[in-house]
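Below is one structure; the comments refer to it alone.
Protein chains in written order, with the UniProt record's numbering: chain A, 1 to 271; chain B, 1 to 271.
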């Protein structure tokens, strides 16, 4: 039975949102709704305009027999800035300050709605690049990686500091922790990354950059390629940072353990 | 400027999908689209019918001045079964078998589309219950928790086996690992769970149930309430399991390390 336009628009919107960065043929939708391709084409035109007006993203049209549509989630710099400004305020809350100048982030990194927005912001930056995998280190980087991975339609891989039997064979590297100057070890399951993969590195917090540098080393070991690095928050670091090129959504500028105040500003993402 | 129905339907669908288990007033939509409440009401009727027909979920209507609509994601048992059947096949792949009879799951737990579906399936089971937090243990439970958390609109909290300075003060419990009978320790940041919270426990894999039992202990320490337990996969366990009531999506039945074969069947979720 033919499906009405209103129903098609609702279901197509859902389907597209749930399949970002995926090429979907017009034939697929035409069959799904027992409708003519010309009607589907009109529907997609309406969705394309709405997604553009509302800042949801781009609906790419690929012409030809092997063509179709592809939804690319995108968030405008203004929208991203608004979300990050809100985060700056929340991060500056006094009771977030932990001994040693660390900042408590676990509550924020457990909020599904916030993670969705953070995922959209980070994925937006790499929307035009081919990403085969999103890499992060356990544990607090995982929610960020998962959110980004969803919006890029690429799997995520988790680097671990402790070996686990359930990972199978692993490849490990040693790295120097930037802030403590200690030598540490991290490893990744051997089968989790193919040679030549284009990898995006994300993490929750960067101080000296040692952990991120360790992941760079792992990417080399796997003969894969680093596409970019984005961290949720960075803190101003007095030493020499081992990582130069990266994006951060937030920058923890001044931590005063005496007055228990934190100053948080938008990060390099907006530069 | 008044927004046309087609555009309203597309944008409302997106908004509802991104805000599950959230009460949204008709006034909010009326303002957003500069449209009359009666038109919004009609739109919601169309969305409600489509969501029902397509198996997306329930659009609840709450009448009165403080009312509005609430989107409850739901997946039918048939849809869930189909997804789980596909997973049984993938889990039975020969090269997943690891030494000690463990099964390699990390690739599946890094696929965003699969996690979304798993999240929908688990969240569906608890759609009528009040859930304040989803709890899991680091590391591999995190992707499951995050996916479930999104569809229930409840934050997730991560229990850790290793203390980290970035967690602040923690509460810890000792527990007996069901399979190895060793005594281990797990802890949770003190500020991450409020007294009286209703908690759903999820994890990737359950053998003897010791880890899940540890989380039960933590929930008691926090004077919170356990609502339910669901694991992605369980394995048949020869000893006496310390956990009785739980759901599993998958059950790893026979692991033959000699012939390197695994038999995986749907879990107790479907019973």
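The beta-carbon is built from N, C-alpha and C at its ideal position, and this holds for glycine as well.
Look at the alpha carbon of residue i and the alpha carbon of residue j, and state the distance between them as a whole number of angstroms.
i, j, result
"residue 159 of chain B", "residue 138 of chain B", "6 Å"
"residue 43 of chain B", "residue 151 of chain A", "28 Å"
"residue 239 of chain B", "residue 174 of chain A", "39 Å"
"residue 208 of chain B", "residue 258 of chain B", "23 Å"
"residue 118 of chain A", "residue 147 of chain B", "15 Å"
"residue 59 of chain B", "residue 180 of chain A", "52 Å"
"residue 219 of chain B", "residue 133 of chain B", "11 Å"
"residue 242 of chain A", "residue 214 of chain A", "10 Å"
"residue 82 of chain B", "residue 270 of chain B", "12 Å"
"residue 273 of chain B", "residue 254 of chain A", "No statement about residue 273 of chain B is possible, as the shown extent of chain B runs from 1 to 271 and does not include it."
"residue 18 of chain B", "residue 268 of chain A", "28 Å"
"residue 111 of chain B", "residue 155 of chain A", "5 Å"
"residue 135 of chain B", "residue 65 of chain A", "47 Å"
"residue 153 of chain B", "residue 166 of chain A", "30 Å"
"residue 21 of chain A", "residue 124 of chain A", "12 Å"
"residue 277 of chain B", "residue 5 of chain B", "Since the first residue of chain B shown is 1 and the last is 271, residue 277 of chain B is not available in this structure."
"residue 250 of chain A", "residue 113 of chain B", "28 Å"
"residue 212 of chain A", "residue 162 of chain A", "17 Å"
"residue 120 of chain B", "residue 256 of chain A", "43 Å"
"residue 322 of chain A", "residue 7 of chain A", "Absent from the structure is residue 322 of chain A, since the part of chain A shown begins at 1 and ends at 271."
"residue 77 of chain A", "residue 24 of chain A", "28 Å"
"residue 102 of chain A", "residue 57 of chain A", "35 Å"
"residue 260 of chain A", "residue 234 of chain B", "46 Å"
"residue 84 of chain B", "residue 141 of chain B", "18 Å"
"residue 107 of chain B", "residue 27 of chain B", "44 Å"
"residue 252 of chain B", "residue 39 of chain B", "51 Å"
"residue 50 of chain A", "residue 37 of chain A", "20 Å"
Is the CB of residue i under 8 Å away from at least one CB in chain A?
i, result
"residue 100 of chain B", "yes"
"residue 168 of chain B", "yes"
"residue 11 of chain B", "yes"
"residue 165 of chain B", "yes"
Do residue i and residue j have their C-beta atoms closer together than 8 Å?
i, j, result
"residue 68 of chain B", "residue 104 of chain A", "no"
"residue 55 of chain A", "residue 75 of chain A", "yes"
"residue 222 of chain A", "residue 171 of chain A", "yes"
"residue 262 of chain A", "residue 98 of chain A", "no"
"residue 246 of chain B", "residue 231 of chain B", "yes"
"residue 71 of chain B", "residue 16 of chain B", "yes"
"residue 109 of chain B", "residue 204 of chain B", "yes"
"residue 201 of chain A", "residue 183 of chain A", "no"
"residue 157 of chain A", "residue 210 of chain A", "no"
"residue 191 of chain B", "residue 225 of chain B", "no"
"residue 227 of chain A", "residue 94 of chain A", "no"
"residue 12 of chain B", "residue 62 of chain B", "no"
"residue 143 of chain B", "residue 115 of chain B", "yes"
"residue 206 of chain A", "residue 248 of chain A", "yes"
Shorter than 8 Å from the beta carbon of residue i to some beta carbon of chain B?
i, result
"residue 80 of chain A", "no"
"residue 132 of chain A", "no"
"residue 61 of chain A", "no"
"residue 138 of chain A", "yes"
"residue 175 of chain A", "no"
"residue 76 of chain A", "no"
"residue 143 of chain A", "yes"
"residue 106 of chain A", "yes"
So is residue i in contact with chain D if we call contact Cβ pairs under 8 Å?
i, result
"residue 220 of chain B", "The question asks about chain D, but that chain is absent: this structure's protein chains are A and B."
* In chain order, which continuous runs of the alpha helix (DSSP H) of length 4 or greater are located wholly inside the region 172-223 of chain A? -> 210-221
* **Complete alpha helix (DSSP H) runs within the region 33-92 of chain B (minimum length 4 residues, chain order)** => 37-54, 77-91
* Give the residues from the region 109-129 of chain A that approach chain B closer than 8 Å (Cβ to any Cβ), ordered along the chain. => 110, 111, 112, 113, 115, 116
* the region 146-162 of chain A: positions lying closer than 7 Å to chain B by Cβ -> 146, 149, 150, 153, 155, 156, 157, 158, 160
* **Unbroken stretches of the beta strand (DSSP E), 3 residues or longer, contained in the region 107-149 of chain A** => 133-137
* Residues of the region 183-215 of chain B whose Cβ lies closer than 9 Å to any Cβ of chain A, in chain order -> 189, 191, 192, 204, 205
* **Residues of the UniProt domain "Bacterial purine repressor N-terminal" (4-73) of chain A whose Cβ lies closer than 8 Å to any Cβ of chain B, in chain order** => 5, 6, 7, 9, 10, 11, 13, 14, 17, 18, 19, 46, 47, 49, 50, 51, 53, 54, 56
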